[in-house]
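Colleague: Note that this note's numbering has the sequence shown beginning at 3, numbered continuously upward.
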Amino acid sequence: MDSTGSTVTEHDRQTWRGECVVDCGWGRLIFAHTFPGPTAVADALSGEQPGQRDIAFYLHDPHVVLASSPHQLFLDPSHTYRLWFSEYRQRARGVPGVVIAPVTTEQEIGEVNRILKASGSVPVHEGFLENCREARTVRHLLARDEKTGAVVGTVMGVDHVEAFNDTENGSSLWSLVVDSQSSLPAIGEALVRSLVERFIARGRVFMDLSVMHDNEQAIALYEKLGFRRVPVFAIKRRNSFNERLYVAPEQDKDLNPYAKIIVDEARRRGISVELLDARRGYFALSFGGRRIVCRESLSELTSAIAMSRCDDKSLTRAILEREGIWVPAQIVAGSPDDNAAFLETHGSVVVKPARGEQGKGIAVDLSTAEEVEAAVAIAREHCETVLLEEYVEGDDLRVLVIGDEVVAAAIRKPAAITGTGEHTVKELIERQSRRRAAATGGESEIPLDEETLRCLRAEDYDLDTVLEKGREVNVRKTANLHTGGTIHDVTDRLHPQIAKASLEAARALDMPVVGFDYIVPDVESHDYRFIEANERPGLANHEPAPTAQRFVDLLFPQTARR
Numbered sequence: 003m004d005s006t007g008s009t010v011t012e013h014d015r016q017t018w019r020g021e022c023v024v025d026c027g028w029g030r031l032i033f034a035h036t037f038p039g040p041t042a043v044a045d046a047l048s049g050e051q052p053g054q055r056d057i058a059f060y061l062h063d064p065h066v067v068l069a070s071s072p073h074q075l076f077l078d079p080s081h082t083y084r085l086w087f088s089e090y091r092q093r094a095r096g097v098p099g100v101v102i103a104p105v106t107t108e109q110e111i112g113e114v115n116r117i118l119k120a121s122g123s124v125p126v127h128e129g130f131l132e133n134c135r136e137a138r139t140v141r142h143l144l145a146r147d148e149k150t151g152a153v154v155g156t157v158m159g160v161d162h163v164e165a166f167n168d169t170e171n172g173s174s175l176w177s178l179v180v181d182s183q184s185s186l187p188a189i190g191e192a193l194v195r196s197l198v199e200r201f202i203a204r205g206r207v208f209m210d211l212s213v214m215h216d217n218e219q220a221i222a223l224y225e226k227l228g229f230r231r232v233p234v235f236a237i238k239r240r241n242s243f244n245e246r247l248y249v250a251p252e253q254d255k256d257l258n259p260y261a262k263i264i265v266d267e268a269r270r271r272g273i274s275v276e277l278l279d280a281r282r283g284y285f286a287l288s289f290g291g292r293r294i295v296c297r298e299s300l301s302e303l304t305s306a307i308a309m310s311r312c313d314d315k316s317l318t319r320a321i322l323e324r325e326g327i328w329v330p331a332q333i334v335a336g337s338p339d340d341n342a343a344f345l346e347t348h349g350s351v352v353v354k355p356a357r358g359e360q361g362k363g364i365a366v367d368l369s370t371a372e373e374v375e376a377a378v379a380i381a382r383e384h385c386e387t388v389l390l391e392e393y394v395e396g397d398d399l400r401v402l403v404i405g406d407e408v409v410a411a412a413i414r415k416p417a418a419i420t421g422t423g424e425h426t427v428k429e430l431i432e433r434q435s436r437r438r439a440a441a442t443g444g445e446s447e448i449p450l451d452e453e454t455l456r457c458l459r460a461e462d463y464d465l466d467t468v469l470e471k472g473r474e475v476n477v478r479k480t481a482n483l484h485t486g487g488t489i490h491d492v493t494d495r496l497h498p499q500i501a502k503a504s505l506e507a508a509r510a511l512d513m514p515v516v517g518f519d520y521i522v523p524d525v526e527s528h529d530y531r532f533i534e535a536n537e538r539p540g541l542a543n544h545e546p547a548p549t550a551q552r553f554v555d556l557l558f559p560q561t562a563r564r
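(1) Cutting at 6 angstroms between CB atoms, please list the residues of its own chain near arginine 297, excluding the five before and the five after it.
(2) What residue range does the alpha helix (DSSP H) around methionine 309 cover?
(3) State yes or no: is the C-beta of leucine 227 nearer than 6 angstroms to some heavy atom of the ligand COA?
(4) Using a Cβ distance threshold of 8 angstroms, determine whether the region 427–439 contacts the region 533–542, with at least three qualifying pairs required.
(5) Near aspartate 266, what residues of its chain come up, given a Cβ to Cβ distance below 8 angstroms and the 5 sequence neighbours on each side ignored?
(6) Taking 7 angstroms as the cut-off, decide whether the C-beta atoms of methionine 513 and alanine 308 are in contact.
(7) To test your reading of the DSSP string, which unbroken alpha helix (DSSP H) runs of 4 or more residues are found completely within the region 23–102?
(8) For glutamate 132, collect the residues of the same chain with a Cβ closer than 6 angstroms to its Cβ; drop the 5 residues on either side in sequence, then sort them by chain order.
(9) Please tell me whether serine 80 and methionine 209 are closer than 7 angstroms, where the distance is taken between their beta carbons.
(10) Would you mind working out which of Arg473, His73, Thr488, Gly486 sits nearest glutamate 148, comparing C-alpha positions?
(11) Check the C-beta distance from aspartate 254 over to arginine 281 and give it rounded, since I have them as a contact under 8 angstroms.
(12) For a test of the three-state rule: what should DSSP assign to asparagine 134, helix, strand or coil?
(13) At which residue ranges does the region 332–374 contain complete alpha helix (DSSP H) runs of 4 or more residues, listed in the order of the chain?
(14) For threonine 561, which residues of its own chain have a beta-carbon under 8 angstroms away from its beta-carbon, when the five flanking residues on both sides are left out?
(15) Considering just the uninterrupted stretch of the beta strand (DSSP E) at alanine 145, what are its terminal residues?
(16) Decide if the region 45–63 is in contact with the region 190–206; the criterion is three or more beta carbon pairs, one per stretch, under 8 angstroms apart.
(17) If I'm right that leucine 345 touches valine 351 with Cβ under 8 angstroms, what's the distance once you round it to whole angstroms?
(18) If you draw a straight line from the alpha carbon of aspartate 529 to that of valine 492, how long is it in whole angstroms?
(19) Can you tell me where the alpha helix (DSSP H) with valine 163 in it begins and where it stops?
(20) Among Ala331, Val198, Leu455, Ser121, whose alpha-carbon lies nearest the alpha-carbon of arginine 93?
(21) Is the Cβ-Cβ distance between glutamine 74 and threonine 488 less than 7 angstroms?
(22) Using 10 angstroms around the beta-carbon of glutamate 225, count the other beta-carbons present and answer buried if the total reaches 16, otherwise exposed.
(23) Out of Gly228, Leu143, Thr82, Val154, state which residue places its alpha-carbon closest to the alpha-carbon of arginine 103.
(24) Check the C-beta distance from alanine 343 over to threonine 387 and give it rounded, since I have them as a contact under 8 angstroms.
(25) Cβ of valine 154 less than 7 angstroms from any chain D Cβ?
(26) Check whether the region 502–518 and the region 441–451 touch, using three or more Cβ-Cβ pairs below 8 angstroms as the test.
(27) Given 8 angstroms as the limit, is there contact between the region 502–513 and the region 315–322, that is, 3 or more CB pairs closer than that?
(28) Leaving out five residues on either side along the sequence, give the residues of the same chain with a beta carbon under 6 angstroms from the beta carbon of arginine 433.
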């Protein structure tokens, strides 16, 4: 106990010094109202360590703190919400399929950091878990998929009584992150409820949290649970990680994630950015007398010839087949009899337009002549030439090549939902679609179209079916991210033969930046079948792999930091 009667560990004493500063792993939480004045708060923020992101919270006079260090600090554009526990209504049953538990092992910290980095958040530092074991100040929870055991979310809470003997008997919530790849609904709700109920058990009376003003999905969750806005402010220190919050040209809001990740990396290096058409992803980068125009990851370094090769799926396949790359059987769709003969030979086929992107017009695993003809008609809406391809069982693998390096590899999985026993298929699709849209800036959503209905009918379901608890259903056959697919990093597991084939294919097509799609029985096996090449791969899909860094390295090697 300290002189005020608060329980304080040795770790807390090292950071407190009479003013409350709590180590949250990703940075320090500075309780500004425990400090003697604005200058002391500004001084505390100046002690932010590299790789950490400090927050000063509960500021009485934020404008005065900013005035003391206007070039270093900025007002965080977040809202503060409070839940009075007397108004909290506990859920009758737990969230189906989700298990909440404290973080207890370094392996779990690794999984939590994976989710934090994938969402663009700062991971917790080495040694943080030991700090949590020593102190009761921080509660660090994780969510697991009850069926698979996979970690699918995390949240952190701070006990204000343990931190600074809070006379108001409060607590706060931080770092709520859900794995956008999980098909389970209501993971965030389960984490928030669990944290609230743990602090209620400790006798606390309220919980505060800070949420970005434009995070509509999170705000909707908090308001549903009874949180209400309160006039509380936070201040952060200017750094490259926070730059988008205080130096964001008005046009930046129109950039999609695939352009923004590159623009942000360029600005971090002092490269000039000129937005030519933000909505369409066009921008120009300039440095040292060199100017390069890009559309997302497609730059002037890719020649028109290379792009045209990549755009024509049948031509791409022919070039790579000559180079010894393994490809599935393929024909141009013809008469119904010709198409039926190809189907009979291979048992199941893929139908896709010869030109196109984002998975539009593609139908997978078609096994009847009627399905094939219907899919051909839809594909022709996107391109007059339609291809029929042998359907190959396996995982959908994306390999990203930049320069002469395989930068990332990831398994892509089709959009899927997991039953709760309470929600209809349509409700589950809509929930999952909202999560994917929020995680990708609106770039990934599950369409409620004929292809989705076809996949449901194949499982004897429709949109009104209440899906049984724990039952997972793929609602698309293709793993395209623009139609709700998810992506899972396997860079460290990629078989050398597939990496070698990818580098050879990039050289054959003369593509400086390219994403290759394969079907593989196992990413650690040498076996694969090439599907297609993408001249404008989405770099943001592979975070936390250093995709944007390697892309800017390619364009401006003199700025490389390796």
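Glycine is no exception: its CB is placed at the ideal position from the N, C-alpha and C atoms.
Modeller: Walking through what the data contain:
(1) Gly283, Tyr284
(2) 306–313
(3) Judged by which ligands are present, the structure shown has none, so any question about the ligand COA falls away.
(4) no
(5) Glu245, Arg246, Ala550
(6) yes
(7) 40–47, 64–70
(8) none
(9) no
(10) Arg473
(11) Between arginine 281 and aspartate 254 the Cβ distance is about 12 angstroms, and since that is not below 8 angstroms, they are no contact.
(12) Sequence check: residue 134 is cysteine here, not asparagine. Three-state DSSP puts cysteine 134 in a helix.
(13) 338–348
(14) Arg271, Gly272, Ile273, Phe289, Val554, Asp555
(15) 140–147
(16) no
(17) 5 angstroms
(18) 16 angstroms
(19) 162–166
(20) Val198
(21) no
(22) exposed
(23) For clarity, residue 103 is alanine in the given sequence; the question names arginine instead. Per the Cα distances, Leu143.
(24) No, alanine 343 and threonine 387 are not in contact; Cβ-Cβ is about 19 angstroms, not under 8 angstroms.
(25) Of the protein chains in this structure there is only one, and it is not chain D.
(26) no
(27) yes
(28) Pro187
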